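Sequence order for the protein chains is D, E and G.
The working numbering puts the first sequence at residues 38 to 504.
The working numbering puts the second sequence at residues 38 to 504.
The working numbering puts the third sequence at residues 38 to 504.
Heads up, the beta-carbon is just placed ideally off N, CA and C, and yes, glycines get one too.
In this text, all values refer to a predicted model and were calculated from it rather than measured experimentally.
Everything on this sheet refers to the single structure shown next.
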Amino acid sequence: MFNVHPDRLFPADANQRGIARRLHGATAGLPLVCPHGHVEPRLLADNQPFSDPASLLVTPDHYVTRLLHADGVALEDLGIGQGRLPEAAARAVWRRLCERWAIFAATPVRWWLEAELNEIFGVTSRLSAETADATFDQVATHLADEAFRPRALYERFNISVLTTTADPCDDLAVYSALDSDPSWSGRVIPAFRPDRYLEPSQPEWNHSIRRLGEAADVDTGSYRGYIEALESRRRYFLSHGATSADHSHPDARTDPLGDSEADRIFRSALAGDATQAEAIAFRRHMLFEMARMSCDDGLVMTLHCGVRRDHHPPSAAHFGSDIGADIPLQIEFTDALRPVLERFGIHPGFHLVVFTLDETVWSRELAPMAGFYPSVYVGVPWWFLDAPDAIGRFRAAVSETVGFTRTSGFVDDTRAFCSIPARHDMARRLDAGFLARLVSEHRLDEDEAAAIAADLVIGQPARVFKL
Amino acid sequence: MFNVHPDRLFPADANQRGIARRLHGATAGLPLVCPHGHVEPRLLADNQPFSDPASLLVTPDHYVTRLLHADGVALEDLGIGQGRLPEAAARAVWRRLCERWAIFAATPVRWWLEAELNEIFGVTSRLSAETADATFDQVATHLADEAFRPRALYERFNISVLTTTADPCDDLAVYSALDSDPSWSGRVIPAFRPDRYLEPSQPEWNHSIRRLGEAADVDTGSYRGYIEALESRRRYFLSHGATSADHSHPDARTDPLGDSEADRIFRSALAGDATQAEAIAFRRHMLFEMARMSCDDGLVMTLHCGVRRDHHPPSAAHFGSDIGADIPLQIEFTDALRPVLERFGIHPGFHLVVFTLDETVWSRELAPMAGFYPSVYVGVPWWFLDAPDAIGRFRAAVSETVGFTRTSGFVDDTRAFCSIPARHDMARRLDAGFLARLVSEHRLDEDEAAAIAADLVIGQPARVFKL
Amino acid sequence: MFNVHPDRLFPADANQRGIARRLHGATAGLPLVCPHGHVEPRLLADNQPFSDPASLLVTPDHYVTRLLHADGVALEDLGIGQGRLPEAAARAVWRRLCERWAIFAATPVRWWLEAELNEIFGVTSRLSAETADATFDQVATHLADEAFRPRALYERFNISVLTTTADPCDDLAVYSALDSDPSWSGRVIPAFRPDRYLEPSQPEWNHSIRRLGEAADVDTGSYRGYIEALESRRRYFLSHGATSADHSHPDARTDPLGDSEADRIFRSALAGDATQAEAIAFRRHMLFEMARMSCDDGLVMTLHCGVRRDHHPPSAAHFGSDIGADIPLQIEFTDALRPVLERFGIHPGFHLVVFTLDETVWSRELAPMAGFYPSVYVGVPWWFLDAPDAIGRFRAAVSETVGFTRTSGFVDDTRAFCSIPARHDMARRLDAGFLARLVSEHRLDEDEAAAIAADLVIGQPARVFKL
């Protein structure tokens, strides 16, 4: 039997814990600002009940399924790629999670799930083979309840804005529908995510470029038209509330090409003739172009680079992407971002928020850059690094060079809707704990720490992401 | 005067220390599982008394001699390369250690030696010029005693299995002799260590390949015969109790070659005509082949890559290898291991345990891979990183992504027989301390922590190394 | 109202804090040994009053101005590049610092400034818009006082030796003047800093080489003459008290060229014909040559490599170098330094002190090298890493491999004269805290920790830098 402990994730030292409690207490009731994530907006537009515990908490969350897979559960036995699961199948998936609950020890996944189950669904037993059915039933019963529909949870979670990435060709009708729905007072906005249009090596790039042209009503048969189409779609996103554009490539290089070279490669790529080196050069050039457009139209530019996507091709072929088989790469930013920063680094209003899965760059590259360029912000820990000790390493690595005002404020980056409050609370607790240490080491006064804790939650993300 | 403190290496915080004490207490009496190391098996087969304190604790242990060398002691003055030392020489070597004892402050070497001297030999004075002779005498007196012969110490140390690397051409007679000795109830098994046969750039590679052919009774003049010989020697090791094959190369790349290309380079290399690039390509191909063989025969594959061996060639020319002049290299695994993982990553029963001296890969590459692939395990801290704070960094970096079940369990990797209990105890204390912090931060319940602490010591290494 | 807290920067845990207090207390009164830095020696030779608080504490200190710039203050609004500021301008610069004081939270800059203001100038109010004028006036009043002239502060700071880098062509007259001044009993010595003469890609390299020839009275039109000129200037520095030569290049490679190849590139470079690759090869060769010269003449060789200088060319074009726009690069040392270490690694009296902004190399490369080669010392945290938590990471990363005797002892590396005591005190407090943890974890006895703490402050830097 358990309830999540009120002191969870606070420092062990009694003096620091007391300070952390006070700092956290002052932020615990503040709304959740969500500047970047992947929740399906249709969820809130449709406001249908969630179907079952497994489909809500297991199957779509690659943080959860990947560890079960490593422990020997086949992806098909987790319901992946099977659409809506019959109850027996959902129950079996849930049971697999419960039986293997011990493997999640020390992971934030365990922590988030425990918080979700306890605080949202009132579950108080530890997951195990013995409690599998009862906990499934308890969550399932709640899901049938009106109070557990997406919009009700959005209210209950106290979310003030929810940003979700969308394809540049998306008509954003779901966002418009929500925006104009008189029965809905939340705020859900899209983020422009154009990766597939910027990488000629992506499968069916030709087709994507044609679709982009149709969406923008521009002929993308020429490089000039292609650029116009991207600019046009960015404006379309802006007019639907977007404040940011998000980019994820294997590296972060931004070497610009001359116009004629860009044009030449673009035509080669459309004809299917571009070499791999040309495709990469074009992608890097386009990242530079995205920065230029951000200076022109004001969309905040966020980078999530340095991942080998679909590291296990057989699984990708069978189950698609985003199944937990993406593995980080070592990455460098100092030289990679230099072309963009030389040109736009002190451009008024340009915001470049850089996330990383390679934590070595925090103290070595990102903090030093954010400590000179007014445009650069260090993104908070992302994905594998969005975890208690890693968050502590982040603050320790970054704060000494740039304090707190050059960091992004918390970003949940999740597709697991119900995990949002737990993720925000985890970050708030850890920032409170970090600040408590500074106070106890006489590096900061407690009134200053309290102001910083609150600003990291509300002010900082709003300023950085122009919300 | 000292006895090693019962609370050594536990967290300073009183609450955490109390939990750590309890967790450690429950593992302190468990046997030592040793899945990988370099103790000479002849030691136990012959069961002769150790000759003297310096030859036991100083001369053969490059952890010890390297720091003395850095402090200005010539390697010849440490007895290196001189065979059995006369008593005066041994006493002089011991004195050099004692005089410079202060340089070992904060190192695990100090901690291990202190524990060995105190707990095995009853020494209670701090080493120094003043205590050099007395401590030498005290240890020497014990060494003459029957109770301090290798087999008696093996029993006293409570070792359940001791794995030691062996050359593929080794006839393993020593292991057989031990195995069939009715007066001996321990378990000493070989690990297959074929590096020199896989790297055409190794000195006298031709000669090695010929010897390999003789050992396997296969003509290794062709690539096909060479592969057969390796497969045959692996089977021979399996039949002598081996459960793992160990590999150490400068990098971990595993790019396979086509058969005809592999055959072509093999013949060039035998003829002494292979370029450096070809030699490297062949070595990487062979690492892929080793994974294939592991899938076929079940030997656990362990990697100890990323070291520049014999960094100081003049010392290597004079004193040989393994004298403390190996220096780690930056390394990457995400792309390096991809070919092997694409092909064998979810092969049933394939175990790939990856060790590193580059701690940046723990959170960035190894934990994410071990959190998806059922075959991949993250090796515990190795060599320079087998040290208290580094072990803490390891658990902090890895556990949040993969918990504890995707790690290897403790591996002592030592050639210093008497350091084995101290090394295991150090790891147990540090894991207890790490778990105690999780409990005190309400991230884990104490009963869960206790189960994990015990499993890391017994269950996990047995499963991972198929012992 | 504040006074800096007597327990600042000590560990939070009460037991550790008590030990840290005792360890620090024993070093707090010891003199400041300054083996490397960038204070203008003319300051002490002229002994003129400092002009105003902004020119003393803000404008010339890129640690301070870079964060203000990132927060949106233009460099021209900080007085950069404007020579002596009129009082109104100085006051405005000071106000900009005060208004944005909050952005420095958690940075060592805040900590140093607070300590300087409080302990040197008696300021007890927190900086803010409200206190800007009063604090400006308070500091300005003191600056007019005889007791706040540079020489008086040098005495008050208890500096025993102050090393400052100088150009190889410098006539070192300022150092001579100080040395022969009967009214001055301090010690200010130059360090040889030849970067611009070793990199053919530097602007106006030809001109530099000609000036070098004039300074040495040697014809530098040939490679042989160039080498002779460098050797001659090193001797000149030695005769003026220098004990070290300092080097800062983008990487640390030391691959030697044959004499004829070096000669060929040298002549190409003089003629403006060297390719970029040749210029880099020559620079790396010259770093090897510098090591050779250090073996010959005894100057300690210090490396500060791995920085992309002038990362933002528009700012460099406008304001010059050293304005806070240098960004660290990933770097490797194991292979880079191998040529030098193969040849000179065990040369008697050769000292190679390696600093880094890439903290990943501490445990992976530098500590392992310093733990074998008697010539190699690991430099303490430099620049962005000279900060409380980073210093803790340094000790944790390095000590377990090489203890304390293979590290450099504290180096302030500053051009901010008044920050010297605060920087030394910060390091002493953090080392005391680190040692206190080892004592509390029973890894070291307190008497040993006390000896180490004192040695790190006085003995170690004196030995390593041959002071």
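is_contact[residue i, chain E] using C-beta, thresh 8 Å
i: G:E483; result: no
DSSP state of residue i mapped onto helix, strand, coil
i: E:R290; result: coil
i: G:P376; result: helix
i: G:P365; result: strand
i: D:T202; result: strand
i: G:T142; result: A small correction: the amino acid at residue 142 of chain G is Ala; Thr does not occupy that position in the sequence shown. G:A142: coil per DSSP, three-state reduction.
i: G:L46; result: coil
i: E:V101; result: helix
i: E:A127; result: helix
i: E:S281; result: strand
For residue j and residue i, the rounded distance between their alpha carbons
i: G:L249; j: G:A316; result: 18 Å
i: G:C206; j: E:A311; result: 50 Å
i: G:V37; j: D:E379; result: Any question about residue 37 of chain G goes unanswered here, given that chain G covers just 38 to 504.
i: D:Y410; j: G:G159; result: 34 Å
i: E:L60; j: E:T442; result: 18 Å
i: D:A12; j: D:A453; result: Residue 12 of chain D is absent from the structure shown; chain D starts at 38 and stops at 504.
i: E:L199; j: E:V225; result: 5 Å
i: E:S217; j: E:F194; result: 22 Å
i: D:A171; j: D:W148; result: 20 Å
i: G:A111; j: D:F392; result: 26 Å
i: G:R480; j: E:L46; result: 7 Å
Residue-level contact to chain G via CB, residue i, 8 Å cutoff
i: E:A49; result: yes
i: D:L475; result: yes
i: E:I364; result: yes
i: D:I489; result: yes
Cβ neighbour criterion (16 or more within 10 Å) applied to residue i
i: G:A210; result: exposed
i: G:A51; result: exposed
i: G:R348; result: Note on residue identity: the sequence assigns His, not Arg, to residue 348 of chain G. It counts as buried.
i: E:A433; result: buried
i: G:E167; result: exposed
i: D:G440; result: buried
i: E:H244; result: exposed
i: E:G446; result: buried
i: D:A362; result: buried
i: E:V501; result: buried
Beta carbon proximity, residue i to chain D, threshold 8 Å
i: E:S297; result: no
i: E:D254; result: no
i: E:M406; result: yes
i: G:H286; result: no
i: G:P425; result: yes
i: G:F502; result: no
i: G:P350; result: yes
i: G:T397; result: yes
Proximity to residue i [Cα-Cα], best of the options
i: E:I157; options: E:E483, E:C455, E:E402 and E:S400; result: E:C455
i: E:Q313; options: E:I383, E:V337, E:S358 and E:Q239; result: E:Q239
i: G:D426; options: G:A464, G:D450 and G:R401; result: G:A464
i: D:D359; options: D:A63, D:P97 and D:A125; result: D:P97
i: G:R247; options: G:Y263, G:I368 and G:D232; result: G:Y263
i: E:H286; options: E:E265, E:L340 and E:L267; result: E:L340
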